[in-house]
Structures are given as structure tokens and as C-alpha cells.
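Residues 4 to 459 (the working numbering) make up the sequence shown, in order.
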Amino acid sequence: MTEAMRPGLSVEQCVTRLKRYHYAFKRLHQIFIARITAEPIYELKSGFSLHSHLCAEQVSALRKRVGEMREPPLGLENVPHANLEIFFDEILATPSTEELVLGLYEKAVPAVKAGLEKHLTDTNHLADQPSVRLCRIALMDVKDMLKFGTTTAASLVTEDIRARVSAWLRVLDDCLAAAGGLDGTQPPSGKKIERHYSAKPFQYDPVPRRDQRFPDPYNMGVNAEVFLYDPKFPPQPKTLMMFYKRLREIDVPEMMASIITETPDKPWEYYRDMTRQLWDEARHAMMGEVGFASLGIDWPHKVMVNFTWSLGLNTQLSPWERHAVLYFIEQGLMPKNGKRFEWEVGLASQNPLSGLFQDYDWADEVLHAKIGRDWYLKEFDDPKKAVQYGDQCWSRVLMNWAKWRDDGFTRHRNWWPDVYRDACQHWGVEPDPAVLAYATTYEQVRADLKTISASG
Ligand SMILES: [Fe+2]
Ligand SMILES: [Fe+2]
């Protein structure tokens, strides 16, 4: 009773604050997405993929709550304070990974956390229960993000770097102070803010970059699909090819980030759905990674994971054309020889992890097919035309297998026998000579490459 009788925030005050959290999550979502493609560090690609998804979910929840308390127009697309805009613009535009990590996880996310906690302290928990619930759920996600971010900063940012960027970090503090805090509950400092990195507008970099665990990113020397669909090969070694295919899917977040970043003015639900799929694809890559780890295979040295798909699409097609390719590939994964087949191979292989991962991979794909129907297919009057258009766009992407080799980008080394031998050792079996001899690249099967060698 004592707590419930304590006056709290008015609806007006509540909505004003919720709009600030909404803006913060929306901008965080934008930054995480925009920085996935060109970020070389693999864990950050995956981390940003997850955190963009968490932020997108909070944006949706906050939009709904504001809509419950106000009549349209809700003003959700307005910037709550000019200095808050500069704050996020600065983090978006920062050139280095270290500053990006510090800006996100030592400035922005903690400021959101403080705002949500203050909301819980200030509001009446009876009158404003739906917001209280929402803040508590958001805090759960925010704390997860901070845990990852704190660990990342500790392992990535040296004291030297920290000292070098301290002036810029102070700019971020100044922005927040001049905005009256992230939640707007403090009196604004009145200080005039000068833009630093964001003085020049942010330019999205569509070229994927990878760290040293991807030493041969143009290697298209092992054709996973031809092996996978060849009935003469047994299921057990096929699980290796499926782990490879999953891990290679880190190119899908790299590509989808470009669609999301370069497609403005869609309804919010578009960004939410596309981001969910983006995160799923990062998760699929991590399932492949875990698969290799479970077999004791040193994938960064043994498995040559390429980025040729995201590179080709991001640099040769428009965002809409990329979406068409994604749709074309994913609708091709639904029939018998797609995700169901992979799951059946996983089960037949007796590798429980492969069966489990393919089970969820298939389930996720059902959702992705729906996202494709909602946001791509609806633009066409004839579904056949939608598929054909995706096929045409995909055919236009130049994959220069021979030129990459001739120009010295890669030798398309056949890494398969090495990996297979390592796995056999783990399984305690003798390598099968026919499997060991597998040497089909992506050059010889150009026609198949068009339809089946792709991520989704
Ligand atoms: Fe996938
Ligand atoms: Fe997918």
C-alpha cells in the first residue's frame, strides 16, 4: 500500500521518457546493423547481430506501449533532443572498432540502463504496470548486452587506446549532459556541442571484412552442395559439409545489414522482421562453429570460410536486388532437397548436434520464408515473377572464380581432405578413400552454383 500510494510519473511524463528509450534503442539498432559488414572481428559481427535484434524487439514493445497511451500521431519518428541525435551520430561515425565498442557499451547502453532503472524508481507500479513490465524486460536484455560489451572492452581496448580516445568519450558525455541525460530527467547543461566524427555524415561501408580466422576468403575450392546431395557419400562426413555451410552463413548478416541500412522509410515492422532474420543467420553460423569445435577441428586453420557471396551482392546489386536474391534462395530451401534433407542427413549421421542444429535451422527457415512473403513477395502481382526476378539478379552477380585465382587472391586450395582426416581421427574411424578423394570446386559446377550454392 505504501508503495502504491506514492505518486509517480504522469502519463505525459511517462510517455516522454518512453520515447527517449525508444529513440535510444532505435539508434542503437541502426548502429549495430550498420557496423556488422565491415567489422572484421567475428565475435563482434555475431554480437552486433544479436544486440541489433534485442534492440529491435524493445523498439517494437515501446512503440506499442506509447500507442496504448496516446492517439496518433504518436511522434515516434521525431528526435527527442538534438544533442541526443549528435550522441548517437558520433558513435555511428566513429572510425575504429575500439571507440565503437566504448561508445556503445560504456556510454550508450549504460545510459539506457540508468534511464530504465530510474523509470522503475520514479513511476507508480500500480498505475503504470505495463511500462514497469516493459522496462524490466528491456533491462534483462540491456544487462546481457552490457555483460558482453564489458568483456569485449576489457579484452580489446588497451589503456593506451583509452587514453587516446578520452577526449572523444568526453564529447559523448557532453552530448548526454546537454540533452538533459538520455532520459531527459536532468536539467540540460546548456553547453554547445561541436560534432567530432559526425561532422562528416556517416557512410555505410558495404565491403565485408574478416579477421585472421578467415585467411582465404576467396577460396571456393570445396563445393559443399555437390557432396551433400551425392547419394554415394555417407551421412557422417556430410555433417562436416553442413557445419561448413552453416559457418559460411556469417555472410548473410553481412549482406542483410546492407539491405536494412540502405532501405529507408519502411514501416518499423520491416526492420524488426529483417533484423530477426539477420540474427538467426548469425546464429546459424555459430552453430556451424560449435559443430566444428565439438569435433575438435581447428576451423580457422582448416576450414576456409569465404565471403564471396556477401561481397558480390553488396558491391554489385542494389538493396532491392539483394532482397530478391535472398528470396529466390530461401524459397528454394523449402522443398524436399532443402532444409528437410539436411535435417534427415543430420539424424542419419548419428551426430546429435548436427541433427539438433538442422532441426532449428529448418524451423528458422520457415520463419524466413514468411518474412520474404511479407516484405518482398507482396510487391509483385505474380509470385512466379518474384522468383524469376530473384533468379535474374543472382545470375547477374559475377563470381570470378578463375580471375580470383589468376590475380593471386586465392589458390582455391582443396582443404577438404585435411578436415575429413581430422574428423576421422576424432571419430576413431579410417578415412573412406572415396570421401577423401572428393575434389569438386565451385568452378566446375557453375550451373548448380546458380541455384544451390548460397546461404540462407
Ligand atoms: Fe540460415
Ligand atoms: Fe534463412
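Quick reminder that beta carbons are idealized off the backbone N, C-alpha and C, glycines included.
Short of 8 Å from the beta carbon of GLY70, and not among the five residues preceding or following it, lie these beta carbons of its own chain, in chain order: LEU77. Boundaries for VAL306: no alpha helix (DSSP H) harbours it, and the DSSP string shows neither H nor E there. Taking 7 Å as the cut-off, one finds at least one heavy atom of ligand 2 near enough to the beta carbon of GLU368. Using a Cβ distance threshold of 8 Å, ASP301 and TYR45 do not count as a contacting pair. Assignment of VAL18 by DSSP, reduced to helix, strand and coil, places it in the helix class.
Under the three-state reduction of DSSP, VAL369 is assigned to helix. When distances are taken from the beta-carbon of GLN334 to the heavy atoms of ligand 2, even the shortest one reaches 7 Å or more.
Ligand 2 approaches GLN280 closely enough that one of its heavy atoms is under 7 Å from the residue's Cβ. ARG165 and LEU105 have their C-alpha atoms some 9 Å from each other.
Its chain contains SER55, CYS58, ALA59, VAL62, TYR274, THR278 as the residues whose beta carbon lies nearer than 8 Å to that of HIS32, once the 5 sequence neighbours on both sides are disregarded; these appear in chain order. For ligand 1, no non-hydrogen atom lies closer than 7 Å to the CB of GLU257. If the five residues before and after VAL168 are omitted, its C-beta is found closer than 6 Å to the C-beta atoms of GLU102, all from its own chain and listed in chain order.
The DSSP-derived three-state label of VAL62 is helix. Contact between the region 170-182 and the region 105-123 is present, with at least three C-beta pairs closer than 8 Å. The beta carbon of ALA260 sits closer than 6 Å to the beta carbons of ILE36, ILE39, THR40 from its chain, once the five residues preceding and following it are set aside; these are given in chain order. One alpha carbon belongs to PRO218, the other to GLU6, and they sit about 59 Å apart.
Remark: the C-beta of HIS371 is in contact range of ligand 2, defined as less than 7 Å to any heavy atom. Going by DSSP, ARG213 is part of no alpha helix (DSSP H) at all; its letter is neither H nor E. Contact between GLU265 and TYR207 is confirmed by a C-beta separation of about 7 Å, below the 8 Å threshold. A direct Cα-Cα distance of roughly 55 Å separates ALA180 from TYR445.
Nearest to ARG23 by C-alpha distance, out of MET307, ALA182, ARG249, is ALA182.
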